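> Numbers in our numbering are just positions in the sequence shown, counted from 1, shifted up by 7.
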Amino acid sequence: MSTSDDQQLHRATLRALDGLLASLQPESLGHDRFRVQSEANRFGRVFGGQMIAQAMQAAATTVVGKPPHSLHAYFVQSGDPDRPLDIAVERIRDGRSMAARRVTVDQAGQPLLIAMVSFHDNPTDPVFGEPAPQGPDPEALPRLQDWVDATPEELRDRAQTWISRPPPLEMRIAEPTHFFGGSRAVGSRSHWMRLPRDVGDDPVLHSVLLAYSSDYLLLDVAARSHPEPVSIASATAFTLDHSLWLHRPVRFDRWHSHTAELVAISGHRGLVRGALHDIDGHLVASTSQEVLIRENS
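(1) Out of R108, P145 and T168, which has the shortest C-alpha to C-alpha gap to D156?
(2) Out of L269, F54, R49 and L253, which has the shortest C-alpha to C-alpha gap to D285?
(3) Can you list, in chain order, the residues of its chain whose CB lies under 8 Å from that of T158, leaving out five sequence neighbours each side?
(4) Can you give the Cα-Cα distance for A292 and A23, rounded to whole angstroms?
(5) Measuring alpha carbon to alpha carbon, tell me which residue in R255, S264 and S241 is nearest S304.
(6) For D287, which option in I239, A139, S11 and T131 has the closest C-alpha, if you only look at C-alpha atoms?
(7) From the DSSP output, which residues share a beta bridge with Y81?
(8) Name the residue from V134, R163 and A60 whose alpha carbon lies nearest to the alpha carbon of E46.
(9) Beta carbon of L217, beta carbon of H263: below 9 Å?
(10) Pop quiz: H213 and N129 are said to be a contact at Cβ under 8 Å. What is the actual Cβ separation, rounded to whole angstroms?
(11) Here's the rule I'm using: 16 or more other beta-carbon atoms within 10 Å means buried, otherwise exposed. How should R204 be labelled?
(12) Distance check for Q141 and R40, CA to CA, integer angstroms please.
(13) Mark T351 as exposed unless 16 or more other C-beta atoms lie within 10 angstroms of its C-beta, in which case mark it buried.
(14) Provide the residue span of the alpha helix (DSSP H) that contains G4, from first to last.
(15) Give the single residue among S85, L225 and M105 whose Cα lies nearest to the Cα of A282.
(16) Buried or exposed for A192, please, with buried defined as at least 16 other CB atoms from any protein chain shown within 10 angstroms of its CB.
(17) Just confirm the distance between the C-beta atoms of S221 and H265, as a whole number of angstroms; I'd bet it's less than 8 Å.
(18) Going by other Cβ atoms of all chains shown within 10 Å of its Cβ, with 16 needed for buried, is D93 buried or exposed?
(19) Between the beta-carbon of I180 and the beta-carbon of P149, is there less than 9 Å?
(20) Which two residues bound the contiguous beta strand (DSSP E) that contains L92?
(21) Can you say whether F50 is buried or exposed, counting buried as having 16 or more other CB atoms within 10 angstroms of its CB?
(22) Please specify which runs of the beta strand (DSSP E), each continuous and at least 3 residues long, are wholly inside the region 153 to 205, giving them in chain order.
(23) Express the C-alpha separation of E161 and R103 in angstroms, rounding to a whole number.
(24) Does DSSP put A131 in a helix, in a strand, or in coil?
(25) Cβ of L78 versus every heavy atom of the ligand FMN: is any distance shorter than 8 Å?
(26) Is V211 helix, strand or coil by DSSP?
(27) Give every residue of the same chain whose Cβ lies closer than 6 Å to the Cβ of L27, excluding the five residues on either side of it in the sequence, and list them in chain order.
(28) From this set, P210, L78, P234 and V215, which residue's C-alpha is nearest I121's C-alpha?
(29) Output yes or no for whether 9 Å exceeds the beta carbon distance between M58 and V112.
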């Protein structure tokens, strides 16, 4: 990409972040109910990571003094990104050190996502975490968008949208993704992510933005490592559920690696597991995601 293209991509990424931040400002409807808008239409449907982040943010507005530490979400059906979403938060528990919220995201009365979000006033010690995998520094890796030029012709138009409508993140990866025509492979794969600018010091916002970002490329890892050849043309693939555990405070305007691997395939369902480390090698969060991949009839 030329210098001019680089600048255009950076500006588009900043606009995408502005749109995401706007979608994370819930309008209160009273009685722990909220209305939100979606970020710019990127996938032809509401992005699951956006709903995860909105569920966590809405739940957090009802909790004082306890940061989020886990989320378990089920995707019920897809939504229209051009229509508003309604969020209902149910206060399940408010204990001395922990709180729990049930969250439903719906559109026109139809549920799109149902989640449990848990909060914990956690001490800082003791500390243990699985070490980060060894690999090159993120600045030495290609950006996700740098792989577009090598994408096969039949996938090029779809890949180009990651330049024209990029996610609100800087993303770097050592190999082309499966949906860019990357080769099948087994074993773990890592990619790096960070926000394109400072978003302030609110720890909850950084956790919410990490939750949003944790949904990227997990389904792609399942397709990459699937025991049978899977392509965009030959198969239908989507996420069934998503879990996130936050182990320590997050500063997501710094680089974080997300290392994911396919754990199992059984029939149409598969399980992907991931670990998020910050640039200093600390294990910040763990993820798991069940996906559905089935051959088109």
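A virtual CB, placed ideally from N, CA and C, is assigned to each residue, including glycine.
Keep in mind it's a predicted model, so treat the numbers as computed, not measured.
Quick answer:
(1) For the purposes of this step, residue 156 is taken as the residue at position 149 of the sequence shown. Of R108, P145 and T168, the residue nearest in Cα terms is T168.
(2) Within the sequence shown, the letter at position 278 stands for residue 285. Among L269, F54, R49 and L253, the Cα nearest to that of D285 is on L253.
(3) Locating residue 158 in the sequence shown gives position 151, where the first residue counts as 1. Once the five neighbours on either side are set aside, the close Cβ partners of T158 are A166, P183, F187 and G188.
(4) Counted from its first residue, the sequence shown places residue 292 at position 285. Counted from its first residue, the sequence shown places residue 23 at position 16. Roughly 24 Å separates the two Cα atoms.
(5) By 1-based counting over the sequence shown, the position of residue 304 is 297. Cα-wise, what sits closest to S304 is S241.
(6) Counting from one through the sequence shown, the residue named residue 287 turns up at place 280. The candidate whose alpha carbon is nearest that of D287 is A139.
(7) Residue 81 sits at position 74 when you count from the first residue of the sequence shown. In the DSSP output, where bridge partners are listed per residue, Y81 has I121 and D248.
(8) Translated into positions along the sequence shown, residue 46 becomes position 39. Checked all of V134, R163 and A60; the closest Cα to E46 is A60.
(9) On the sequence shown, position 210 is the one that residue 217 refers to. On the sequence shown, position 256 is the one that residue 263 refers to. Taking 9 Å as the Cβ cut-off, L217 and H263 qualify as a contacting pair.
(10) Translated into positions along the sequence shown, residue 213 becomes position 206. Translated into positions along the sequence shown, residue 129 becomes position 122. In fact, because the Cβ distance is near 15 Å, the residues do not count as touching under 8 Å.
(11) On the sequence shown, residue 204 is found 197 positions in, with the first residue counted as 1. Exposed, by the Cβ-count rule.
(12) Walking along the sequence shown from the start, residue 40 turns up at place 33. Walking along the sequence shown from the start, residue 141 turns up at place 134. Cα-Cα distance, rounded: 44 Å.
(13) Residue numbering for the chain in the displayed model covers 8 to 304; residue 351 lies beyond these limits and cannot be assessed.
(14) For residue 4 there is no data in the structure shown, the boundaries of the chain being 8 and 304.
(15) Mapped onto the sequence shown, residue 282 falls at position 275. Looking at the Cα atoms, L225 is the closest of the given residues.
(16) Position 185 of the sequence shown, counting from 1, holds the residue named residue 192. Exposed, since its Cβ has fewer than 16 Cβ neighbours within 10 Å.
(17) Working through the sequence shown from its first residue, we reach residue 221 at position 214. Working through the sequence shown from its first residue, we reach residue 265 at position 258. Going by Cβ atoms, the distance from S221 to H265 rounds to 7 Å, so yes, they are a contact pair.
(18) Your numbering for residue 93 matches position 86 in the sequence shown. D93 is buried by the Cβ-count criterion.
(19) If you number the sequence shown from 1, residue 180 lands on position 173. If you number the sequence shown from 1, residue 149 lands on position 142. It is a contact, given that the beta carbons lie within the stated cut-off.
(20) In the sequence shown, counting from the first residue as 1, residue 92 sits at position 85. Per DSSP, L92 belongs to the beta strand (DSSP E) from L92 to D101.
(21) Taking the first residue of the sequence shown as 1, we reach residue 50 at position 43. So F50 counts as exposed.
(22) 177 to 180 and 196 to 201
(23) Within the sequence shown, numbered from 1, the residue matching residue 103 stands at position 96. Within the sequence shown, numbered from 1, the residue matching residue 161 stands at position 154. One C-alpha to the other measures close to 56 Å.
(24) In the sequence shown, counting from the first residue as 1, residue 131 sits at position 124. For the sequence presented, residue 131 should be read as Thr rather than Ala. Reduced to three states, the DSSP call for T131 is coil.
(25) Although the ligand FMN was asked about, the structure shown includes no ligands whatsoever.
(26) Position 204 of the sequence shown, counted from the first residue, corresponds to residue 211. Helix at V211.
(27) For the purposes of this step, residue 27 is taken as the residue at position 20 of the sequence shown. Contacts found: E46 and P175.
(28) Position 114 of the sequence shown, counted from the first residue, corresponds to residue 121. I121 has its Cα closest to that of L78, out of P210, L78, P234 and V215.
(29) For the purposes of this step, residue 58 is taken as residue 51 along the sequence shown, with counting starting at 1. For the purposes of this step, residue 112 is taken as residue 105 along the sequence shown, with counting starting at 1. A contact, by the Cβ cut-off of 9 Å.
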